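Residue numbers for the sequence shown follow numbering that gives the first Met the number 0, beginning at 0 and rising by one.
Everything on this sheet refers to the single structure shown next.
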Amino acid sequence: MQIKRARRHGSVIATAVVMGLIVFVSTEALAEEFRESLTRIDQALKANPNHVSRLALVACRDRRQRAAELFNSRQTERAQRSLKFCFNLLGIPAEIAQQKPTPPETEEQRAAAAEALRARAARDFDRAVTLNANVERGLEIYRGCAACHTPEGWGMRSGIVPQLAGQHRRVVIKQLADIRAGNRENGAMAPYSSVEAIGGAQAVADVAGYIDTLEISVENGKGPGDDLALGEELYRKNCKHCHGERGEGSNDEQIPRIQAQHYDYLVNQFELIRNGGRRNADPEMMEQIQRFERREIRAIMDFVARLEPPEALQAPPDWRNPDFAQPIVGR
0 MQIKRARRHG
10 SVIATAVVMG
20 LIVFVSTEAL
30 AEEFRESLTR
40 IDQALKANPN
50 HVSRLALVAC
60 RDRRQRAAEL
70 FNSRQTERAQ
80 RSLKFCFNLL
90 GIPAEIAQQK
100 PTPPETEEQR
110 AAAAEALRAR
120 AARDFDRAVT
130 LNANVERGLE
140 IYRGCAACHT
150 PEGWGMRSGI
160 VPQLAGQHRR
170 VVIKQLADIR
180 AGNRENGAMA
190 PYSSVEAIGG
200 AQAVADVAGY
210 IDTLEISVEN
220 GKGPGDDLAL
230 GEELYRKNCK
240 HCHGERGEGS
250 NDEQIPRIQA
260 QHYDYLVNQF
270 ELIRNGGRRN
280 ADPEMMEQIQ
290 RFERREIRAI
300 MDFVARLEPP
310 EALQAPPDWR
320 NPDFAQPIVG
330 R
């Protein structure tokens with residue numbers, strides 16, 4: 000009897016040792032994979048192979064540091080989410096084996112590929128824009144967006160994340176359709192806006208409907224304020240015709256509301272459009288803005304960032320979104 004108990008006891012100890020070894024090996028493998036990911040991010044931060052903006056690099060450095068802190072405190076899932084944010088922001092694959100499709104080689108092939116992307120985006124837009132929005136469902140989808148865009152939809156004053164609150168419904172639908180179709184390159188947004196992540200056309204209509212209900216913050220990021228007269232003059236001459244007297248844009252024509260948008264975001268997007276980095280940009284605008292000098296760009300965007308929406312669309316001071324009474328997991 001004692002021999003049997005001893006054997007059972009020995010078996011339990013052996014099993015525990017084996018399980019301990021498995022956990023140790025698994026943990027070591029995870030740590031090695033995490034270190035490799037950090038190394039790849041550090042290399043991309045140094046080389047910047049996709050020429051992302053300075054603001055994106057700053058945000059990625061902060062998130063990379065946060066990822067390391069989370070991993071060291073054994074918050075593995077949150078650390079992995081922070082790494083994923085960096086990979087998306089830098090436009091590099093999370094896995095070494097992942098490869099981008101080979102781009103078309105000839106001018107004709109590139110033009111045909113671009114036209115195919117525009118056509119797909121247009122079809123996706125047409126499907127979503129005719130649907131009635133289920134705002135409650137839109138809220139549930141937006142919960143996945145709020146970690147970056149904030150529960151209030153105000154983004155970041157640094158401009159790395161735009162203010163979405165109060166953006167026209169048709170504009171949001173168009174931008175989502177363009178990103179999902181590949182007609183607007185946005186590595187940070189693509190994984191979170193895909194069909195797999197949020198659903199089909201109805202999901203796009205729903206989340207756009209919810210965003211349209213959010214009130215706009217006028218405590219947005221602004222520029223130095225030292226060239227506003229020039230900015231106003233240039234805006235009146237060049238931008239008012241499409242974007243409106245107060246930067247209000249147009250829902251019917253899918254022209255974005257740019258009033259109270261973060262200054263650095265406006266500057267970054269303007270330069271992307273001028274340099275051909277926004278595939279879905281209006282061709283007429285691209286041609287028009289080629290002549291602007293850097294000082295003029297910054298003056299215009301500083302003026303625009305200070306334009307305020309009607310009081311009825313503004314969020315009260317210190318307002319917080321009651322739909323997010325509970326903290327967001329992972330923030």
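Beta carbons are placed, not taken as given, at the ideal position from N, Cα and C, and that holds for glycine.
Being a predicted model, the structure only gives us computed values, none of them experimental.
Compute the distance between the beta-carbons of residue i and residue j, then report whether it is under 7 Å.
i: residue 258; j: residue 277; result: no
i: residue 81; j: residue 66; result: yes
i: residue 153; j: residue 72; result: no
i: residue 261; j: residue 158; result: yes
i: residue 91; j: residue 43; result: yes
With a cut-off of 7 Å, does the C-beta of residue i fall near any C-beta of chain D?
i: residue 295; result: Here chain D cannot be found, since the structure has a single protein chain.
Looking only at C-alpha atoms, which of the options sits nearest to residue i?
i: residue 291; options: 269, 307, 310; result: 269
i: residue 271; options: 323, 151, 289, 204; result: 289
i: residue 224; options: 104, 36, 300, 41; result: 300
i: residue 63; options: 48, 190, 51, 88; result: 88
i: residue 331; options: 232, 240, 250; result: Residue 331 lies beyond the stretch modelled for the chain, which goes from 0 to 330, so this question has no answer here.
i: residue 34; options: 75, 273, 308, 219; result: 75
i: residue 186; options: 51, 280, 213, 38; result: 51
Sorted by chain position, which residues of the same chain lie with C-beta nearer than 6 Å to residue i's C-beta, five sequence neighbours on each side aside?
i: residue 298; result: 226, 229, 230
i: residue 171; result: 207, 210
i: residue 204; result: 127, 130, 132
i: residue 150; result: 320, 323
i: residue 117; result: 182
i: residue 175; result: 192, 203
i: residue 17; result: Model confidence at residue 17 stands at a pLDDT of 44, short of 50, so the residue's coordinates are unreliable; what they give is reported in the following sentence. Around residue 17: no qualifying Cβ.
Looking at the unbroken alpha helix (DSSP H) that takes in residue i, where does it start and where does it end?
i: residue 284; result: 282-287
i: residue 238; result: No alpha helix (DSSP H) holds residue 238; DSSP gives it neither H nor E.
i: residue 148; result: 145-148
i: residue 172; result: 168-180
i: residue 306; result: Segment: none, residue 306 is in no alpha helix (DSSP H) and carries neither H nor E.
i: residue 83; result: 75-89
i: residue 200; result: 200-210
i: residue 60; result: 53-71
i: residue 337; result: Limits of the chain in this structure are 0 at one end and 330 at the other, which puts residue 337 out of reach.
i: residue 140; result: 134-141
i: residue 126; result: 106-128
i: residue 273; result: 262-273
i: residue 194; result: 194-197
Buried or exposed: where does residue i fall if 16 or more other Cβ atoms within 10 Å of its Cβ makes it buried?
i: residue 267; result: buried
i: residue 173; result: buried
i: residue 162; result: buried
i: residue 317; result: exposed
i: residue 324; result: exposed
For residue i, which residues from the same chain have a beta carbon less than 8 Å from its beta carbon, with the 5 sequence-adjacent residues on both sides left out?
i: residue 193; result: 179
i: residue 306; result: 245, 246, 257, 258, 259
i: residue 304; result: 219, 220, 221, 222, 259, 260, 261, 262, 265
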